[in-house]
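Student: Shown below is the structure under consideration.
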Amino acid sequence: MNKTFKRMLKQSEFYVFLIIIVFALIIEAKSGLFFTNNNLVDRLRSMIVPSIYALCALLAFVSTGPDVSFPLIGALSSYLAIVITEGLGLAGAPWIVSFLIGTFFGCLMGALNGFIIVKYRFPSLIVTLGTSSIFNGILLGAFEAGRMYLPENLENFARTPLLTVKNAETGLGSTLPMTFLIMVFLYIVAYFVLNKTMVGRGVYAVGGDEVSAERAGFNVKAIRFGVFVVNGGLAAIGGLCYAVQAIRYLPTEYEGAEMEVIAAVILGGTRMTGGVGTLKGCLLGTLLLTMVTNSLIMLGIPIEWQKVFIGAIIIIGTAVSAIQSHAGAKVKTRLKKEAA
Amino acid sequence: MKNLKKVMALLAVAAMTLSLAACGQEQTTVSSDDTAAEETTDAAETTEETTDAAEETTDAAASGDLFDLANYKSDKDESEWTIAVVTKDNTAAWFQRMEEGVNEFGEATGINVIQTGPANADAASQVQVIDDMIAQGVDALCVVPIDPGAIEASLQNAMEQGIVVVTHEASNQVNTLFDIEAFTAEDFGAAIMDALAADMGEEGKYAMMVAYTTSTTHMEYANAQYARQQEAYPNMELINDGAIPSAESEESIDTAYERAKEILNANPDLAGFTGVASTDCPGIAQAVEELGLNVKVVGVGTPNEFRPYVESGTISTIKLWDPKDAGYAMCQTAAMILRGEEVGEGANLVAPGYESVTLVEGDNRCLVGDADITITIDNIDDYDF
């Protein structure tokens with residue numbers, strides 16, 4: 000018991016979890032609205048898309064480096080999925096068909112990222128920044144994408160709630176969309192792949208130390224390429240979930256999501272230098288950030304100060320976990336010295 | 000080889016001479032105009048036009064005032080005039096609606112009208128389109144700028160050549176004879192508040208959303224709404240002790256939805272909500288419908304985009320101006336200047352809401368109409384844009 004507790008203290012996830020609890024209590028104390036069934040459902044809902052994107056950010060950071068192209072891969076592949084669904088008269092097909100079309104294009108775009116990064120060994124940040132810009136140009140320039148309503152199959156999917164709650168006291172309702180199941184499914188798959196398969200361990204190994212990973216028999220290039228292909232697919236799913244939740248396709252709203260997601264993932268303990276990061280951390284970081292961005296009005300913070308507040312939470316959150324991990328490292332070196 | 004050099008030299012000389020002539024025309028050296036006229040005697044009509052333009056230019060430059068309307072009176076027959084309307088993006092439903100007004104003007108007056116716009120809605124492409132129109136020798140340019148700053152030089156060039164320039168939605172455009180606005184921000188904000196007050200029975204709490212607190216027009220609308228409510232509807236109350244605005248949508252429907260939900264959670268007794276960016280009301284309406292509340296939503300946006308929510312009754316009123324009337328009013332202004340008629344305070348631009356415009360002098364001369372329109376479930380079918 001004591002051992003597991005000590006181990007927990009060393010994880011940055013634990014500190015993020017603490018901040019979440021404290022923050023929730025503050026909101027509850029100030030507004031009395033946090034621990035209501037409709038608010039909790041709302042928070043789960045607003046987490047869905049960012050936490051799918053967070054998987055992209057996590058995989059990229061752990062194996063290679065930053066990937067900032069996922070929002071625009073999501074935007075462009077959702078657009079293609081919607082247009083093709085309508086163009087081929089697939090509006091009557093099950094929703095998953097549209098998702099598969101989107102995922103296919105997402106993987107293609109991810110493959111482009113992966114190809115350039117692996118083949119030419121360019122920094123992933125620059126490559127994905129570049130491809131983002133290209134995808135944006137194609138979407139808004141070449142395709143002239145505008146706001147659209149969804150094809151029938153996605154619209155029906157969007158309008159089928161997974162869960163509907165009603166707050167008996169205030170009479171306010173809230174619904175959890177089906178996309179929540181998609182997110183849960185993706186996290187379960189990611190958990191098994193990352194923790195229980197050789198490929199998954201390879202993703203961590205490659206990011207931790209490329210040379211050792213190669214000596215240990217991992218195919219570094221193939222793993223990195225694979226990560227970016229998967230990222231493209233995940234981004235497409237995230238993008239389609241965004242459209243489903245808004246019940247519209249909104250081409251201009253994707254851009255810019257990457258920064259908050261990356262902040263959330265780092266907040267959750269993922270190292271920018273590679274090799275370290277957990278799914279648990281991803282979820283907690285995303286939860287904290289969506290909680291903060293969606294509770295400032297309830298806290299009564301003036302609009303002019305909301306951005307300052309969000310920035311402060313990101314820095315404080317990261318600092319807390321960074322300080323404790325530095326402390327952990329110091330203790331370790333001291334122990335080593337003493338032992339010597 | 001030698002020949003090639005000769006040809007090149009000749010070409011260079013020709014280019015220089017031509018550019019000199021072009022400069023000369025702009026700077027109105029009379030002699031160069033004369034030679035130009037002599038050189039092109041075979042094309043009698045075009046020559047006339049060139050000299051006309053040159054004379055007008057001389058006038059404008061001589062009096063040193065590009066903004067003197069008298070310089071722009073045209074001696075040509077009305078049927079020979081061409082008025083070009085340059086929009087931000089001609090494929091957008093908004094500007095297709097404007098084209099209806101422009102064509103209506105053409106039919107009513109017999110003046111040639113063309114409406115065109117850049118292939119991509121960016122400032123550089125719009126400059127290109129304007130320059131093309133100037134080269135085609137149109138008599139008047141009516142422009143809805145994407146970026147007023149980017150087209151100043153082109154518009155100045157047009158005016159120096161005696162082309163009438165009128166703009167819309169560009170109160171800070173310097174090189175324009177008149178900028179046409181549908182209403183002042185104060186009037187429009189007040190009109191939004193009047194509509195909201197009527198829908199919510201003049202009592203209860205309300206909230207307002209803008210895209211960003213840094214977007215000037217949105218904040219002007221928001222402040223005007225609040226001022227109007229303070230003045231006329233004492234039983235209404237803006238949430239958060241009158242903090243303007245209540246939330247930012249950041250030009251995103253999804254953010255508008257999230258913020259609206261938060262506000263509705265914190266204020267379950269809210270009775271009204273306004274949104275002035277086109278992204279605001281769909282997000283607010285989605286939140287209101289999901290929460291199952293009876294909140295009146297009033298805001299700015301296009302009928303087609305808001306139609307589902309108007310039909311379901313969540314968005315009770317859309318406030319807007321009609322691009323069709325704005326297009327008509329722009330062309331009318333241009334035609335009046337070409338005819339040499341008086342344009343200014345109280346001028347009648349014929350289109351509904353622009354029958355007696357107010358002149359506001361700021362960065363430019365602004366003709367402000369009273370042309371806000373109210374769209375509800377009863378008349379939404381009359382508007383298809």
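Line by line, the protein sequences are chains W and Z.
Just so you know, numbering that gives the first Met the number 0 puts 177 at position 178 of the first sequence, and the rest follows in order with no gaps.
Just so you know, numbering that gives the first Met the number 0 puts 35 at position 36 of the second sequence, and the rest follows in order with no gaps.
The C-beta atom is built at its ideal place from N, Cα and C for all residues, glycine as well.
For the region 144-179 of chain Z, which segments carrying the beta strand (DSSP E) assignment without a break, of at least 3 residues, lie completely within its bounds, in sequence order?
Tutor: As far as the region 144-179 of chain Z is concerned, its whole beta strand (DSSP E) runs of at least 3 residues are 163-167.
Student: Near residue 285 of chain Z, what residues of its chain come up, given a Cβ to Cβ distance below 7 angstroms and the 5 sequence neighbours on each side ignored?
Tutor: For the purposes of this step, residue 285 of chain Z is identified with residue 286 of the second sequence, where counting begins at 1. Correct list, in chain order: 256.
Student: Give me the Cβ distance between residue 290 of chain Z and residue 269 of chain Z, rounded to the nearest whole Å; I'm assuming they're in contact under 8 angstroms.
Tutor: Here residue 290 of chain Z refers to the residue found at position 291 of the second sequence. Here residue 269 of chain Z refers to the residue found at position 270 of the second sequence. With a Cβ gap of about 10 angstroms, residue 290 of chain Z and residue 269 of chain Z do not count as contacting.
Student: Does the separation of the CB atoms of residue 244 of chain W and residue 48 of chain W fall below 8 angstroms?
Tutor: Numbered from 1 along the first sequence, position 245 holds the residue referred to as residue 244 of chain W. Numbered from 1 along the first sequence, position 49 holds the residue referred to as residue 48 of chain W. Result yes, Cβ atoms of residue 244 of chain W and residue 48 of chain W sit closer than 8 angstroms.
Student: Taking Cβ-Cβ distances below 8 angstroms as the criterion, which residues of the region 192-221 of chain Z are in contact with chain W?
Tutor: Those residues of the region 192-221 of chain Z that come within reach of chain W (Cβ to Cβ, closer than 8 angstroms) are 212.
Student: Taking the alpha carbon of residue 338 of chain Z as the point to measure from, which residue in Z:73, Z:64, Z:66, Z:350 has its own alpha carbon closest?
Tutor: Mapped onto the second sequence, residue 338 of chain Z falls at position 339. Measuring from the Cα of residue 338 of chain Z, the nearest candidate turns out to be Z:73.
Student: Per DSSP, what kind of secondary structure is residue 360 of chain Z in: helix, strand or coil?
Tutor: Taking the second sequence and counting its residues from 1, the one referred to as residue 360 of chain Z is at position 361. It is a strand residue.
Student: Can you tell me whether residue 77 of chain W is buried or exposed, with buried defined as 16 or more other CB within 10 angstroms of its CB?
Tutor: The residue labelled residue 77 of chain W in the question sits at position 78 within the first sequence. Label assigned to residue 77 of chain W: buried.
Student: DSSP on residue 173 of chain W, reduced to helix/strand/coil?
Tutor: The residue given as residue 173 of chain W occupies position 174 in the first sequence. Strand at residue 173 of chain W.
Student: Taking Cβ positions only, does residue 253 of chain Z come closer than 8 angstroms to chain W?
Tutor: As a working note, residue 253 of chain Z is residue 254 in the second sequence. For residue 253 of chain Z, the answer is yes, since a Cβ of chain W falls inside 8 angstroms of its Cβ.
Student: On the premise that residue 322 of chain Z lies in contact with residue 384 of chain Z, defined as a C-beta separation below 8 angstroms, what is that separation, rounded to the nearest angstrom?
Tutor: For the purposes of this step, residue 384 of chain Z is identified with residue 385 of the second sequence, where counting begins at 1. For the purposes of this step, residue 322 of chain Z is identified with residue 323 of the second sequence, where counting begins at 1. Yes, they are in contact, since the Cβ atoms of residue 384 of chain Z and residue 322 of chain Z sit about 7 angstroms apart, within 8 angstroms.
Student: In the structure shown, what three-state DSSP assignment does residue 260 of chain Z receive?
Tutor: The count along the second sequence starts at 1 and reaches residue 260 of chain Z at position 261. Helix, per DSSP.
Student: Considering only the alpha carbon of each residue, which of W:154, W:169, W:173 lies closest to residue 163 of chain W?
Tutor: By one-based count along the first sequence, residue 163 of chain W stands at place 164. It is W:173 whose Cα lies nearest to the Cα of residue 163 of chain W.
Student: Using a C-beta cutoff of 8 angstroms, does residue 262 of chain Z count as contacting chain W?
Tutor: Here residue 262 of chain Z is taken as the residue at index 263 of the second sequence, counted from 1. Interface residue, yes.
Student: Going by C-alpha distance, which of W:291, W:308, W:135, W:124 is nearest residue 271 of chain W?
Tutor: Within the first sequence, residue 271 of chain W is the residue found at index 272, counting from 1. The residue with the shortest Cα to Cα distance from residue 271 of chain W is W:124.
Student: Could you name the residues of the region 265-277 of chain Z whose beta carbon sits closer than 7 angstroms to any beta carbon of chain W, in the order they occur along the chain?
Tutor: For the region 265-277 of chain Z, which is checked against every Cβ of chain W, the residues closer than 7 angstroms are 265, 267.
Student: Check the Cβ of residue 258 of chain Z against every Cβ in chain W and list those closer than 7 angstroms, keeping chain order.
Tutor: As a working note, residue 258 of chain Z is residue 259 in the second sequence. Residues of chain W passing the Cβ test: 296.
Student: Distance check for residue 6 of chain W and residue 199 of chain W, CA to CA, integer angstroms please.
Tutor: Counting from one through the first sequence, the residue named residue 199 of chain W turns up at place 200. Counting from one through the first sequence, the residue named residue 6 of chain W turns up at place 7. Their backbone Cα atoms lie some 23 angstroms apart in a straight line.
Student: Name the chain Z residues whose beta carbon is nearer than 7 angstroms to that of residue 49 of chain W?
Tutor: By one-based count along the first sequence, residue 49 of chain W stands at place 50. What residue 49 of chain W touches in chain Z: nothing, since even the nearest Cβ is about 11 angstroms away.
Student: Residues bridged to residue 109 of chain Z by DSSP?
Tutor: Taking the first residue of the second sequence as position 1, residue 109 of chain Z is located at position 110. For residue 109 of chain Z, which the question treats as bridged, DSSP gives no partner whatsoever.
Student: What is the DSSP secondary structure of residue 271 of chain W, reduced to helix, strand or coil?
Tutor: Counted from its first residue, the first sequence places residue 271 of chain W at position 272. Residue state, collapsed to three classes: coil.
Student: Cβ of residue 235 of chain Z within 8 angstroms of Cβ of residue 201 of chain Z?
Tutor: The residue labelled residue 235 of chain Z in the question sits at position 236 within the second sequence. The residue labelled residue 201 of chain Z in the question sits at position 202 within the second sequence. Yes, the Cβ-Cβ distance between residue 235 of chain Z and residue 201 of chain Z is below 8 angstroms.
Student: For residue 304 of chain W, does the three-state DSSP call read helix, strand or coil?
Tutor: Translated into positions along the first sequence, residue 304 of chain W becomes position 305. Here residue 304 of chain W sits in helix by DSSP.
Student: Can you tell me whether residue 126 of chain Z is buried or exposed? The criterion is at least 16 other CB atoms within 10 Å of its CB, across all chains shown.
Tutor: In the second sequence, residue 126 of chain Z corresponds to position 127, counting from 1. Residue 126 of chain Z comes out buried.
Student: By Cβ distance, which residues of its chain are closer than 6 angstroms to residue 56 of chain W, with the 5 residues on each side in sequence left out?
Tutor: Against the first sequence, residue 56 of chain W aligns to sequence position 57. Answer for residue 56 of chain W: 260, 261, 264, listed in chain order.
Student: In three-state DSSP terms, what is residue 120 of chain W?
Tutor: Counting from 1 along the first sequence, the entry for residue 120 of chain W is found at position 121. In this structure, residue 120 of chain W counts as coil in the three-state DSSP scheme.
Student: Going by alpha carbons, who is nearest to residue 366 of chain Z out of Z:316, Z:160, Z:177?
Tutor: In the second sequence, counting from the first residue as 1, residue 366 of chain Z sits at position 367. Closest option to residue 366 of chain Z, Cα to Cα, is Z:177.
Student: Would you kindly check if the distance between the Cβ of residue 208 of chain Z and the Cβ of residue 246 of chain Z is under 8 angstroms?
Tutor: The residue labelled residue 246 of chain Z in the question sits at position 247 within the second sequence. The residue labelled residue 208 of chain Z in the question sits at position 209 within the second sequence. Yes, the pair counts as a contact, with Cβ atoms nearer than the cut-off.
Student: Only counting the same chain, and skipping five residues up and downstream in sequence, which positions put a Cβ closer than 7 angstroms to that of residue 283 of chain W?
Tutor: Taking the first sequence and counting its residues from 1, one reaches residue 283 of chain W at position 284. Within the same chain, residue 283 of chain W has close Cβ partners 12, 15, 16, 19, 267.
Student: For the alpha helix (DSSP H) containing residue 326 of chain Z, name the first residue and the last one.
Tutor: On the second sequence, position 327 is the one that residue 326 of chain Z refers to. 322-338 is the extent of the alpha helix (DSSP H) around residue 326 of chain Z.
Student: So, for residue 449 of chain Z: in the same chain, excluding its five sequence neighbours on each side, which residues have a beta-carbon less than 6 angstroms away from its beta-carbon?
Tutor: A query on residue 449 of chain Z cannot be resolved here, the shown segment of chain Z reaching from 0 to 384 and no further.
Student: Taking buried to mean at least 16 other C-beta atoms within 10 Å of its own C-beta, is residue 437 of chain Z buried or exposed?
Tutor: It is not possible to answer for residue 437 of chain Z, since the shown part of chain Z is limited to 0 through 384.
Student: Answer yes or no: does any C-beta atom of chain Z fall closer than 8 angstroms to that of residue 381 of chain W?
Tutor: Within the shown structure, residues of chain W are numbered from 0 to 339, placing residue 381 of chain W beyond reach of any answer.
Student: Which residues in chain W sit within 9 angstroms of residue 246 of chain Z, going by Cβ to Cβ distance?
Tutor: The residue given as residue 246 of chain Z occupies position 247 in the second sequence. Neighbours of residue 246 of chain Z on chain W, chain order: 296, 302.
Student: Using a Cβ-Cβ cut-off of less than 8 angstroms, give me the residues of the region 242-270 of chain W that come near chain Z, in sequence order.
Tutor: Answer set for the region 242-270 of chain W: 244, 245, 246, 247, 249, 251, 252.
Student: May I ask which residues mark the beginning and end of the alpha helix (DSSP H) holding residue 57 of chain W?
Tutor: As a first step, residue 57 of chain W must be located in the first sequence, where it is residue number 58. Looking at the DSSP string, the run of the alpha helix (DSSP H) that includes residue 57 of chain W is 36-62.
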